[in-house]
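Participant: Starting off with a structure, shown below.
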Amino acid sequence: ANPCEDFFEFACGNWIARHPIPKDEVIYNYFEILNDTLQKEIRGTYVTVCANVVALN
């Protein structure tokens with residue numbers, strides 16, 4: 015895209031093409047992706063820690 019003709023497409027076109035909005039989301043942006051990633055990591059860490067506590071008892 016030519017930035018002089020369509021700056022939005024020039025700046026955001028690849029983002030939209032590479033990150034389609036999931037069917038179950040109303041909005042989807044970098045912060046949503048970051049939040050989803052962090053939530054998965056937190057859940058994984060929590061499960062690991064809980065499994066270790068159960069093993070220690």
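In our numbering, the protein residues as written are 15 to 71.
All residues carry an ideal CB built from backbone N, CA and C; glycine is no exception.
In this text, all values refer to a predicted model and were calculated from it rather than measured experimentally.
(1) Can you grab the Cα-Cα spacing for the pair T59 / T51, in whole Å?
(2) In this structure, how does DSSP classify D7 when only helix, strand and coil are distinguished?
(3) Could you check the C-alpha separation between N16 and F24 for me, to the nearest Å?
Facilitator: On the basis of the supplied data:
(1) 12 Å
(2) The chain is shown from 15 up to 71; residue 7 falls before or after that span and cannot be answered.
(3) 6 Å
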